[in-house]
Amino acid sequence: MNRPGFIELMGFGEHGWGATMLHAALITLAVAICGFLVGAVIGVFAAWAKVQGGPVLRRIADAYTTVLRGIPDLLVIYLFYFGGSSVLSTLGHLFGQSGFIGIPGFLAGALAVGVASGAHHTEVFRGAYAAVPKGEIEAAMAIGMSRPLRFRRIIAPLTLRTAIPALGNVWQLVLKESALVSVTGVVELLRQAQIGSGSTRQPFDFFLAAGILYLVISTISGWIMSRAERHYSRGMRRA
Amino acid sequence: MDFAFLYETLLTILPGVPLTLKLAVGSALLGLVLALILALMRLSGVKPLEWVARLYVFVLRGTPLLVQIFLIYYGLGQFPAVRHSLLWPFLREPVWCAVLALTLNTAAYGSEIIRGGLLSIPGGQIEAARACGMSRFLLFRRIVLPLAIRQALPAYGNEFISMVKATSLASIITLMEITGLAAKLISETYRAIEVFIVAGAIYLAINFVLTRIILFAEYRLTPHLRERPGGVPSIDDRLDPAAAAAEGLPGGKVH
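Taken in order, these protein sequences are the chains called A and B.
Taking the working numbering, the leading residue of the first sequence gets 2, the next gets one more, and so forth.
Taking the working numbering, the leading residue of the second sequence gets 174, the next gets one more, and so forth.
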């Protein structure tokens, strides 16, 4: 049997998988971005609980970060995928629906990646908040800013500025974690590579192509992050 | 909460613990050796070696571990040359593929940690050792390596913990370690939450023990940071208000 070469296989010709793989790369990006945003929201609340919360909230946030950093992300994805389906089915029963209701893989995957990465986000935001000079916050109080205004105008921008490099690292983690979402059947980059290698019997070419696309995404996003870091630290003096 | 089921689940999943530990320990040790080699290549000052190490770290850290596992487990078999080679009996087995992928992956992260440790050694220490007439190898063994290990240990400890977590991916290539057994049980019983609690608790327990071991190693490696038995309280104790109060000393950190 005559096997097509790597370039031909991943090209955009009649038998090329190029367009399919690029589309799958977009799905990977979508999963990663959704997961990252979910994680960021959780991270903000958990960091707030750790910094300002009472003893109970602080305990909960501590338990959350300890547990999520100690167990594999794959397990979290299974929990959301299978657990989410059984919760939905039970809810369905209450509303008179019989039978099994599956949770969409994309939703379960994005939520699971978000919850797993939220632990990293929490520590990043907490560290960055600690780096905000107290004088800035006191000054904001002194001129009579309300709490929300203080958060929006002073705390959020200053925290984000210090957090950008660490957030870049979390993003790289999330991007790689998104590959695990393939177990839920979402046709993202890795799943597409599996499908392709199944139908052409050329697994090496497909996984190589997937690896290259992951590298491209992480390199471009790393470049964007360093641009953002430079842009938002214009006002800061380099020691 | 159905405790009988939780207990059943525990009994089903526990047999997976040895495999998880074997994968983690095996690839962590092999990865450590490879990481040291890579870090030395990076710092060798020989351009080609430096570039190879740099490219290795870039590729292995920029792609998901699962892609690397698939590339080794499914991908290599595509080539007849590999299938007819002496290595095939190993590369055919999912266990060896998982160990290989985990080793290659952790070596990339580990080499950066070790590189940081090596770079942190004060130049004066190396100059002093040279002045004593130590050979390159003796200098490396007695001065550079111990100092670098001490410096790198906390970060490398985190890498060990992420190795334990990473072994869960071996379940995707059919290995029945903790996550593999858990996933099988979930698909049989559809009781994801209970199974998750049990499997998660096992992982937490392993990582808890691992953290303690690393802390103990750190304690052993930093005798100079410990208080002298029965000696004068160090300056740090005096800065610590609780210790100062206990000793009846004035002072304490101003917050």
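Just so it is clear, CB atoms sit at the ideal spot from N, CA and C, and this is done for glycine as well.
Rounded separation between A:LEU75 and A:LEU168 - CA only: Their backbone Cα atoms lie some 22 Å apart in a straight line.
Of the residues A:ARG59, A:VAL175, A:HIS232, the one placed nearest A:LEU161, counting alpha carbons only: Across the set A:ARG59, A:VAL175, A:HIS232, the C-alpha of A:HIS232 shows the shortest separation from the C-alpha of A:LEU161.
Separation of A:PRO134 from A:ARG153, as counted between CA atoms: The C-alpha of A:PRO134 is placed about 16 Å away from the C-alpha of A:ARG153.
Residue interval of the alpha helix (DSSP H) (run including A:GLN53): It spans 19-53 - the alpha helix (DSSP H) in which A:GLN53 sits, taken as one unbroken run.
A:ILE165 to B:GLY289 span [Cα, whole Å]: Between A:ILE165 and B:GLY289, the alpha-carbon positions lie close to 22 Å from each other.
Cβ neighbours of A:ALA141 in the same chain (closer than 7 Å, five flanking residues each side left out): Apart from sequence neighbours up to five positions away, the residues of its chain that approach A:ALA141 with a beta-carbon distance below 7 Å are ARG151, ILE155, ordered along the chain.
Residue closest to B:ARG215, alpha-carbon to alpha-carbon, out of B:ALA301, B:LEU398, B:LEU292: Minimum Cα distance to B:ARG215 is reached at B:LEU292.
Any chain B beta carbon closer than 8 Å to A:LEU191: For A:LEU191, the nearest beta carbon of chain B is closer than 8 Å to its own beta carbon.
Cβ-Cβ distance between B:LEU354 and B:GLY189 below 8 Å: It is a contact, given that the beta carbons lie within the stated cut-off.
Chain-ordered neighbours of A:THR220 on chain B, where CB pairs are closer than 8 Å: Within chain B, the residues near A:THR220 are GLY235.
B:GLU361, DSSP secondary structure in three states: DSSP places B:GLU361 in the helix class (H, G or I) of the three-state scheme.
Which of helix, strand or coil DSSP assigns to B:PHE252: In the structure shown, B:PHE252 sits in coil (DSSP, three-state: anything other than H, G, I, E or B).
Expected contact under 8 Å - CB spacing of A:ARG127 and A:VAL184 to nearest Å: Actually they are not in contact, since the Cβ atoms of A:ARG127 and A:VAL184 sit about 31 Å apart, beyond 8 Å.
Neighbour flag for A:ALA83 against chain B, beta carbons, 8 Å: Here residue 83 of chain A is Phe; the residue named in the question, Ala, does not match the sequence. Yes, contact with chain B.
CB contact flag (A:GLY71, A:SER86, <8 Å): The answer is no: Cβ separation not under 8 Å.
Cα-Cα separation between B:ARG385 and B:ALA378, rounded to whole angstroms: Whole-angstrom Cα-Cα distance: 11 Å.
DSSP-derived helix/strand/coil call for A:PRO5: The answer is coil: DSSP assigns A:PRO5 none of H, G, I, E or B.
Below-8 Å beta-carbon distance, A:ALA132 vs any chain B residue: No Cβ of chain B is located within less than 8 Å of the beta carbon of A:ALA132.
Exposed unless 16 or more other CB atoms sit within 10 angstroms - verdict on A:THR220: That one is exposed.
Neighbour-count burial assignment, B:SER217, 16 or more Cβ in a 10 Å radius: So B:SER217 counts as exposed.
Euclidean distance between Cα positions of A:ALA132 and A:ALA211: Whole-angstrom Cα-Cα distance: 39 Å.
Local Cβ density within 10 Å of A:SER198, reported as buried at 16 or more and exposed below that: Under a 10 Å Cβ-count criterion, A:SER198 is classified as buried, with 16 or more other Cβ atoms of the shown protein chains found around its own Cβ.
Positions along the stretch 171-182 of chain A whose CB lies within less than 7 Å of some CB in chain B: Listed in sequence order: LYS177, ALA180, LEU181.
Reference B:PRO144; option with closest CA among B:LEU233, B:THR352, B:ILE316: No answer is possible for residue 144 of chain B: the residues shown for chain B start at 174 and end at 428.
Interface residues of chain A facing B:VAL382 [CB-CB closer than 9 Å]: In chain order: nothing, as chain A lies at least about 11 Å away.
8 Å Cβ cutoff, A:GLU211 in contact with chain B: With the sequence shown as reference, residue 211 of chain A is identified as Ala, and Glu is not the correct amino acid for it. A:ALA211 belongs to the set of residues whose beta carbon lies under 8 Å from a beta carbon in chain B.
Same chain, Cβ closer than 8 Å to B:ARG315, neighbours up to 5 away in sequence not counted: Here the set comprises ALA302, MET307.
Where the stretch 315-343 of chain B meets chain A: residues whose CB sits under 7 Å from a CB there: Here the close residues are LYS338, SER341, LEU342.
Whole-number beta carbon distance between B:TYR363 and A:PHE83, since they are thought to touch under 8 Å: With a Cβ gap of about 7 Å, A:PHE83 and B:TYR363 count as contacting.
Beta-carbon gap between B:VAL173 and B:TYR376 smaller than 8 Å: Residue 173 of chain B falls outside the range modelled here, since chain B spans only 174 to 428, and no answer is possible.
A:GLY100 burial status per 10 Å Cβ neighbour count (16 or more: buried): So A:GLY100 ends up on the exposed side.
Short CB-CB distance (under 8 Å) between B:PHE263 and chain A: So no, B:PHE263 is outside the interface.
Proximity below 8 Å, CB of A:LEU23 to CB of A:ASP206: Against a cut-off of 8 Å, the Cβ pair of A:ASP206 and A:LEU23 comes out as no contact.
Under 8 Å between C-beta atoms of B:VAL317 and B:ILE287: In this structure, B:VAL317 sits away from B:ILE287, with a CB-CB distance that is not shorter than 8 Å.
Nearest neighbour of B:ARG235, chosen from A:ALA31, A:ILE28, A:ILE213, A:THR29 [CA to CA]: The amino acid at residue 235 of chain B is misidentified as Arg; the sequence shows Gly. Closest in alpha carbon position to B:GLY235, among A:ALA31, A:ILE28, A:ILE213, A:THR29, is A:ILE213.
Residue-chain proximity (B:GLY248, chain A), Cβ-Cβ < 8 Å: Yes, because at least one Cβ of chain A sits closer than 8 Å to the Cβ of B:GLY248.
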